[in-house]
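Protein chains in written order, with this note's numbering: chain D, 903 to 1183; chain Z, 7 to 360. Reviewing the structure listed below.
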């Protein structure tokens, strides 16, 4: 479905974002990309829809070769490849429904977009997307009035409105609290399986990647240093990706306390004490 | 105070740093700059304007202002030194002194302003002030424009209508130009730079300049065409302001939603419509209301070049010299009132909308 052949990305300032990447992602796969900040995770994802133009090699999505220079071909490609962001990137001042309708832009004529008059089918698609993420009741609320988890669901609905073959997600749950992160990621996983969408997700949290992904790709300094099914991504392999030993935070289990009462008093005190030496981490 | 004192001192292994002393060399450099400025002012001083300092055994005479200017510069530098201001900030303070001295001395600002009290006690300045503070309200409410049957208050209505028309057309064109001018929403760098250049030309001609130009193009001053010239002038004035301010708002817009719109395959116009416009809408409404206020005020100034509205009447009354002071006063006070009302109205609208 998505093929990287010797793909390089060199930024205008000379920094090498991706270094000779070779990958083959098959249809319907849920791939998690892990790695430290600056390892090239975002660059890899953004190369797929041309938000970051790749400078060498060949990148193919389906039958189409991604051509960062050809704007109209790129728009056609982007219509098939949806993207979700860490900061949701909804337009805060307009309604949830209008945010989802932004996903229909590629299928709407420019003049219709300009006067904000979307067709009945577009609205139907938008409502179906909202139903799929379970926030159809918020359709006419302002997007900025929603909670973080709901906003990310709006973003997922916007992407679903494109009827995409591929969903790229750049740190989709990094701005959410752990229980919400699991819910949103679970929704994404379910929808992806229902519709057979290929999904590439960047993640900071190893535990989330292990729980939801079919396949894990580890990156370091613009290179793929691990690529295999989730079962093979044992701690030793991940330590090689991160170049450090795993901490308790990396492999936190599902037992995340949901409310304050669940946290025992001593544990809280310990956490405060433990947090002091490196309070900024 | 006690709360601070009673706190147990935390591990005091690391000493608290003192504010750093600015480097002396930089300050000496600033003194050299001050001396250079002094030398320049001494060189270009007027020979007639000198200050004698008779000290008994010796008569020190120096050009009046350069020396005082130099002492001011040194005093500012000394103050900066003792307050441990950074050399860059001290340079800024020095520049303010040098430039205000230079600019002020070129237009004899101090010499002229000293004259003002003597003008207030004699001549017609006094009569004018008396006239302005005793406005003739009956003129404003019941008189007609000289030589016609049109009431004065009708001129206010015309001014208001000119402002409304100019605001609506000018702000709309300004919005389009702002979209083209900002590199965020424009087609390419070249378009953006060109529109910005055109826009600075539009802005460099003042509103009165535009009014003179349009009055000359179209001809006719009093009614009909006079109002048209004023409206066209205000439109150009508004385009300049809105395109500049809104263009900068667009520059500062959060890039996230734009990227999201790009990622869905939207084209540029769709992206501007769905992501940029909603983000800058509050700024646009706010600037439009501000521009409406400016238009009310500006149309009074435009009257000086002979276009319609209350401004035209104001310039006619000022032209009557000693007979018109009470009338001018009435118009000016009413202008203050109208601008205040418009301000309150726009504040109310802004609160309701945002």
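Virtual Cβ for every residue (Gly too), placed ideally from N, Cα, C.
Burial state of residue i (16 or more Cβ within 10 Å)
| i | result |
| --- | --- |
| residue 244(Z) | buried |
| residue 194(Z) | exposed |
| residue 1145(D) | exposed |
| residue 129(Z) | exposed |
| residue 379(Z) | Missing from the structure shown is residue 379(Z); chain Z here goes from 7 to 360 and no further. |
| residue 967(D) | exposed |
| residue 27(Z) | exposed |
| residue 1187(D) | Lying outside 903 to 1183, the shown extent of chain D, residue 1187(D) is not represented and no answer is given. |
| residue 191(Z) | buried |
| residue 1184(D) | Because residue 1184(D) is not part of the residues shown, which for chain D are 903 to 1183, the question remains open. |
| residue 917(D) | exposed |
| residue 1142(D) | exposed |
| residue 154(Z) | exposed |
| residue 216(Z) | buried |
| residue 124(Z) | exposed |
| residue 32(Z) | exposed |
| residue 115(Z) | exposed |
| residue 329(Z) | exposed |
| residue 1064(D) | buried |
| residue 263(Z) | buried |
| residue 105(Z) | exposed |
| residue 362(Z) | The structure shown does not extend to residue 362(Z), since chain Z spans only 7 to 360, so no value can be given for it. |
| residue 1133(D) | exposed |
| residue 1017(D) | exposed |
| residue 1049(D) | exposed |
| residue 255(Z) | buried |
| residue 985(D) | buried |
| residue 972(D) | exposed |
| residue 92(Z) | exposed |
| residue 1(Z) | Since the displayed chain Z opens at 7 and closes at 360, residue 1(Z) lies outside it and no answer follows. |
| residue 165(Z) | buried |
Identified DSSP bridge partners for residue i
| i | result |
| --- | --- |
| residue 1121(D) | 1126(D) |
| residue 98(Z) | Per DSSP, none; premise fails for residue 98(Z). |
| residue 935(D) | 1104(D), 1119(D) |
| residue 1131(D) | 1117(D) |
| residue 1142(D) | According to DSSP, which records beta bridges pairwise, residue 1142(D) is partnered with nothing at all. |
| residue 907(D) | 960(D) |
| residue 918(D) | 912(D) |
| residue 1069(D) | 984(D), 1101(D) |
inquiry  = Short of 9 Å Cβ to Cβ, which residues in the segment 972-986 of chain D face chain Z?
reply    = Result list: 973, 974, 976, 977, 978, 979, 980, 981, 982, 983, 984, 985, 986.
ask   = Which runs of the alpha helix (DSSP H), 4 residues or longer, sit entirely within the segment 265-321 of chain Z?
value = The alpha helix (DSSP H) runs lying completely inside the segment 265-321 of chain Z and spanning 4 residues or more are 274-277, 283-308, given in chain order.
request  = Taking only beta carbons into account, state which residues of the segment 999-1025 of chain D come closer than 7 Å to chain Z, listed in chain order.
outcome  = Those would be 1004, 1005, 1007, 1008, 1012, 1015, 1016, in chain order.
ask   = Hey, which unbroken runs of the alpha helix (DSSP H) at 4 residues or more fall wholly within the segment 975-1030 of chain D?
value = Whole alpha helix (DSSP H) segments, 4+ residues: 998-1004, 1012-1017.
query = Would you call the segment 104-119 of chain Z and the segment 295-312 of chain Z in contact, with 3 or more CB pairs under 8 Å?
reply = Short answer: they don't touch.
key: Segment contact, 8 Å Cβ cut-off, at least three pairs: the segment 1040-1058 of chain D with the segment 1071-1085 of chain D   = Contact holds between the segment 1040-1058 of chain D and the segment 1071-1085 of chain D, because three or more Cβ pairs, one in each stretch, are under 8 Å apart.
inquiry  = Within 8 Å, do at least three Cβ pairs link the segment 1005-1016 of chain D to the segment 267-281 of chain Z?
reply    = Contact between the segment 267-281 of chain Z and the segment 1005-1016 of chain D is present, because at least three Cβ pairs lie under 8 Å.
request  = Scan the segment 273-301 of chain Z for residues whose Cβ lies nearer than 7 Å to a Cβ of chain D and list them as they occur along the chain.
outcome  = Cβ contacts with chain D come from 273, 275, 276, 279, 280, 281, 284, 285, 287.
Near-chain Z residues of the segment 1064-1078 of chain D (beta-carbon distance less than 7 Å), N- to C-terminal order = Of all residues in the segment 1064-1078 of chain D, those with a C-beta nearer than 7 Å to a C-beta of chain Z are 1064, reading in chain order.
request  = Take every Cβ of the segment 136-145 of chain Z, pair it with every Cβ of the segment 334-343 of chain Z, and state whether three or more of those distances are shorter than 8 Å.
outcome  = Taking one beta carbon from each stretch, the segment 136-145 of chain Z and the segment 334-343 of chain Z have 3 or more pairs nearer than 8 Å; the two touch.
Segment contact flag, the segment 244-261 of chain Z with the segment 174-183 of chain Z, C-beta cutoff 8 Å, min 3 pairs = Per the Cβ contact rule, the segment 244-261 of chain Z is in contact with the segment 174-183 of chain Z (3 or more Cβ pairs under 8 Å).
query = Would you call the segment 928-948 of chain D and the segment 1103-1114 of chain D touching, i.e. three or more CB-CB distances under 8 Å?
reply = Result yes; three or more Cβ-Cβ pairs closer than 8 Å.
request  = Please determine if the segment 261-274 of chain Z and the segment 975-992 of chain D are in contact, where contact requires at least 3 C-beta pairs separated by less than 8 Å.
outcome  = With a cut-off of 8 Å, the segment 975-992 of chain D and the segment 261-274 of chain Z count as touching, because enough Cβ pairs lie within range.
ask   = Which ranges would you report for the alpha helix (DSSP H) in the segment 122-181 of chain Z if only whole runs of at least 4 residues count?
value = If only uninterrupted alpha helix (DSSP H) runs of at least 4 residues are considered, those enclosed by the segment 122-181 of chain Z are 130-139, 143-148.
message = Closer than 8 Å is the cut-off here; do at least three beta carbon pairs connect the segment 84-103 of chain Z with the segment 22-39 of chain Z?
response = Using a C-beta cut-off of 8 Å, the segment 84-103 of chain Z makes contact with the segment 22-39 of chain Z, since at least three inter-stretch Cβ pairs fall below that distance.
query = Touching or not, the segment 904-916 of chain D and the segment 1031-1038 of chain D, by the rule of three or more beta carbon pairs under 8 Å?
reply = The segment 904-916 of chain D vs the segment 1031-1038 of chain D: no contact.
task = Using a Cβ-Cβ cut-off of less than 8 Å, give me the residues of the segment 947-962 of chain D that come near chain Z, in sequence order.
result = Residues 951, 953.
key: the segment 948-959 of chain D touching the segment 928-938 of chain D, judged by at least three CB pairs closer than 8 Å   = Here the segment 948-959 of chain D makes no contact with the segment 928-938 of chain D; the two share fewer than three CB pairs at distances below 8 Å.
inquiry  = Quick test of the definition: if touching needs 3 or more C-beta pairs under 8 Å, does the segment 990-1006 of chain D touch the segment 1044-1053 of chain D?
reply    = Counting Cβ pairs under 8 Å, three or more are found: they touch.
inquiry  = Taking beta-carbon pairs under 8 Å, can you tell me which members of the segment 151-185 of chain Z lie near chain D?
reply    = Taken residue by residue, none of the segment 151-185 of chain Z has a beta-carbon sitting less than 8 Å from a beta-carbon on chain D.
ask   = Taking Cβ-Cβ distances below 7 Å as the criterion, which residues of the segment 1076-1105 of chain D are in contact with chain Z?
value = The residues in question: there are none.
message = Beta carbons nearer than 8 Å to chain Z: which residues of the segment 1027-1059 of chain D have them?
response = Answer in chain order: 1057.
ask   = Do the segment 290-301 of chain Z and the segment 160-174 of chain Z make contact, defined as three or more Cβ pairs closer than 8 Å?
value = Yes, the segment 290-301 of chain Z touches the segment 160-174 of chain Z.
ask   = Taking Cβ-Cβ distances below 7 Å as the criterion, which residues of the segment 232-264 of chain Z are in contact with chain D?
value = Here the close residues are 262, 263.
inquiry  = So within the segment 188-267 of chain Z, which uninterrupted alpha helix (DSSP H) runs reach at least 4 residues, ignoring any that extend past its ends?
reply    = As summarised for the segment 188-267 of chain Z, the continuous alpha helix (DSSP H) elements at least 4 residues long and confined to that stretch are 195-210, 213-224, 231-257, given in chain order.
key: Against chain Z: residues of the segment 904-935 of chain D by CB proximity under 8 Å   = From the segment 904-935 of chain D, no residue has a Cβ closer than 8 Å to chain Z.
query = When Cβ atoms are compared, which residues of the segment 304-338 of chain Z fall closer than 8 Å to chain D?
reply = Nothing from the segment 304-338 of chain Z brings a Cβ to less than 8 Å from some Cβ of chain D.
Selection of the segment 1137-1149 of chain D by Cβ proximity to chain Z, strictly under 7 Å = Residues: none.
ask   = Using a Cβ cut-off of 7 Å, which residues of the segment 127-141 of chain Z contact any Cβ in chain D, in chain order?
value = Cβ contacts with chain D come from no residue of the segment 127-141 of chain Z.
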